[in-house]
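Residue numbers (numbering that gives the first Met the number 0), protein chains in the order written: chain H, 0 to 118; chain L, 0 to 224.
Here's the structure we're looking at; comments come further down.
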Amino acid sequence: MHELSIAMEIVESLTGELMETPGQVDVVRLRVGAFSGVIPEALVFAWEIACDGSRFAGSQLEIADVPVVARCESCNADRTIESIQLLQCPVCNSPTPDIVAGKELEIMSVELTENGQAG
Amino acid sequence: MAKLVEIRKQILKKNDDLAQSLRQRFATSKTLVVNLVSSPGTGKTEFLKQTMTLLKDELKIAAIVGDLETENDAVRLRQSGAPAHQIETHNMCHLESHQIGQAIEEAADKFDADALDILFIENVGNLVCTASFDLGEDIQVVMVSTTEGEDKPLKYPTIFHRSDICVITKMDLAEALGYDRDQMLKSVESVKPNMQTFEVSAKTGQGMDTWIDFLKQRVAEKSGS
Numbered sequence: 000m001h002e003l004s005i006a007m008e009i010v011e012s013l014t015g016e017l018m019e020t021p022g023q024v025d026v027v028r029l030r031v032g033a034f035s036g037v038i039p040e041a042l043v044f045a046w047e048i049a050c051d052g053s054r055f056a057g058s059q060l061e062i063a064d065v066p067v068v069a070r071c072e073s074c075n076a077d078r079t080i081e082s083i084q085l086l087q088c089p090v091c092n093s094p095t096p097d098i099v100a101g102k103e104l105e106i107m108s109v110e111l112t113e114n115g116q117a118g
Numbered sequence: 000m001a002k003l004v005e006i007r008k009q010i011l012k013k014n015d016d017l018a019q020s021l022r023q024r025f026a027t028s029k030t031l032v033v034n035l036v037s038s039p040g041t042g043k044t045e046f047l048k049q050t051m052t053l054l055k056d057e058l059k060i061a062a063i064v065g066d067l068e069t070e071n072d073a074v075r076l077r078q079s080g081a082p083a084h085q086i087e088t089h090n091m092c093h094l095e096s097h098q099i100g101q102a103i104e105e106a107a108d109k110f111d112a113d114a115l116d117i118l119f120i121e122n123v124g125n126l127v128c129t130a131s132f133d134l135g136e137d138i139q140v141v142m143v144s145t146t147e148g149e150d151k152p153l154k155y156p157t158i159f160h161r162s163d164i165c166v167i168t169k170m171d172l173a174e175a176l177g178y179d180r181d182q183m184l185k186s187v188e189s190v191k192p193n194m195q196t197f198e199v200s201a202k203t204g205q206g207m208d209t210w211i212d213f214l215k216q217r218v219a220e221k222s223g224s
C-alpha cells in the first residue's frame, strides 16, 4: 500500500507550493497513468488519512486517468493501448514495446476558496 | 470565491531527483547498478548470492538488500564472500532513492560504493509498490519463479513493463511442476515485447553462465572498455 506514501508526498509537496496562497483547499487534481504503478481508488482512500490535521483535510482528490499510448513502428503512429496486459497495436496487431504516455503521476491543479468568502 | 492554482508537478519529484543524482554519481564512478524486484519467495536472495559468488573474484561487487525486518538476507548474501548491507524498512513495502543514498553512507565500513563495478540492490519482495520508485539503477530486473504461475506477468503488467530484463528462477523445478515454458514467455512478451529473458536455477547453476556473461558485458560497456 504505497499509495499512502504517495498521498503524503502530495500533501508535503503542495504545502510548500501553496505556502503563499491562503484559502480553503477544496479540490486537488491529479493525472495518473495506467503504468504509474498507482491505483487511483487506493490513492483516494489514502488521501483522507494523509490530509488529517493538514490544511488539505476535507478536500477532494480528483484523478484523471491517463491511458497507455505506445508507438507503433509498423503504422508509424501513436496508438492508445486497450489493455496493459497486451502491448500491441490495436490496428495492425504489431508488438509495441515503446510507450509514449501512461507513466504520469502528476499534480495538475488545486481549487481553493479564499478565506472569508463563500465558494 | 473559488480560485484555481496551476501546479503541474511530478508527485515523486523528490524521489526522482535523488535517483537522478545517484545515477550521475554512478556514471562518474562507472558502477553498474542493478535493482532486483520480485514477489516474496521467488528466490532473489539465493539467485543474488550465487551471482555474487560467481562474480566476486573478477569484479568488485556489493549488495544492498531491503526487507521489512531482520538482517537475515544480508547475512546470507555475505556467504558469497562479497559485502552486503541490510536496510530494514519497518513495514515499508518498497525502497526509495533516499534509502539507497543513506545505505551507501552507512555501509562505508563494508564497501566503497564508488569503487564498485556492480552495486546490486535487492528490493523488498513486492511486485506492486516497487514499480513507482526509481532507485537510480541502470538495469531493473524483474524476477518470477516457475512455481508462481505462467500468468504472473499478466497479473502485474506494470512492474514487468517497467523493468528492463526478466529472470525466470527455479528452472530445476520446471519438470516436476509441469511448468509451461511457452506460456510464461508468451506472458512476458505480451506485457513487454522483445524483453530479454534469462532462465536460471541458482540451485543447479543452470543458465547462470549466460546471466553472468550479460552482467560482465554491461560492466564493460559502462566502464567504456
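In this text, a Cβ means the ideal position worked out from N, Cα and C, and glycines have one as well.
### Query
Nearest chain L C-beta to Pro96 of chain H closer than 7 Å, yes or no?
Here residue 96 of chain H is taken as the residue at index 97 of the first sequence, counted from 1. Yes, contact with chain L.
### Message
Looking only at its chain, what residues have a beta carbon closer than 6 Å to the beta carbon of Ile62 of chain H, apart from the 5 residues adjacent to it on each side?
### Response
If you number the first sequence from 1, residue 62 of chain H lands on position 63. So the qualifying residues of the chain are Leu29, Val31 and Pro39.
### Message
I need the straight-line Cα distance from Val123 of chain L to Ile6 of chain L, nearest angstrom please.
### Response
If you number the second sequence from 1, residue 123 of chain L lands on position 124. If you number the second sequence from 1, residue 6 of chain L lands on position 7. Going by C-alpha positions, Val123 of chain L is about 32 Å away from Ile6 of chain L.
### Message
For a contact defined as C-beta to C-beta under 8 Å, what are the partners of Thr112 of chain H on chain L?
### Response
Within the first sequence, numbered from 1, the residue matching residue 112 of chain H stands at position 113. Here the neighbours are Met0, Ala1 and Lys2.
### Task
Can you check DSSP and say which residues form a bridge with Thr112 of chain H?
Indexing the first sequence from 1 puts residue 112 of chain H at position 113. Within the DSSP secondary-structure output, Thr112 of chain H pairs in a beta bridge with H:Gln23 and L:Ala1.
### Query
Ser73 of chain H touches chain L at which residues, Cβ-Cβ below 7 Å?
As a first step, residue 73 of chain H is located in the first sequence; it is residue number 74 there, counting from the start. Under the 7 Å cutoff, chain L gives no residues; its nearest Cβ is about 12 Å from Ser73 of chain H.
### Query
At which residue ranges does the region 76-100 of chain L contain complete beta strand (DSSP E) runs of 3 or more residues, listed in the order of the chain?
The qualifying runs are 83-87.
### Query
Is the beta carbon of Pro96 of chain H less than 7 Å from the beta carbon of Pro152 of chain L?
By one-based count along the first sequence, residue 96 of chain H stands at place 97. By one-based count along the second sequence, residue 152 of chain L stands at place 153. Cβ atoms of Pro96 of chain H and Pro152 of chain L: not closer than 7 Å.
### Query
Which whole-angstrom value is the C-beta distance of Ile10 of chain L and Ile48 of chain H, which I expect to be below 8 Å?
Stepping through the second sequence from its first residue, residue 10 of chain L is reached at position 11. Stepping through the first sequence from its first residue, residue 48 of chain H is reached at position 49. That pair is no contact at about 16 Å.
### Query
With C-beta atoms as the reference, is Ala46 of chain L less than 7 Å away from Thr168 of chain L?
On the second sequence, position 47 is the one that residue 46 of chain L refers to. On the second sequence, position 169 is the one that residue 168 of chain L refers to. In the sequence on display, residue 46 of chain L carries Phe and not Ala. Their beta carbons are under 7 Å apart, which means Phe46 of chain L touches Thr168 of chain L by this criterion.
### Task
Return helix, strand or coil for Glu281 of chain L, following the three-state DSSP convention.
Any answer about residue 281 of chain L is impossible in this case: the structure gives chain L only from 0 up to 224.
#### Entry: First and last residue of the uninterrupted beta strand (DSSP E) at Ala63 of chain H
As a first step, residue 63 of chain H is located in the first sequence; it is residue number 64 there, counting from the start. Ala63 of chain H -> beta strand (DSSP E) spans Gln59 to Val65.
### Unbroken alpha helix (DSSP H) run spanning Leu115 of chain L, endpoints
Stepping through the second sequence from its first residue, residue 115 of chain L is reached at position 116. Note, Leu115 of chain L: premise wrong, no alpha helix (DSSP H); not H, not E.
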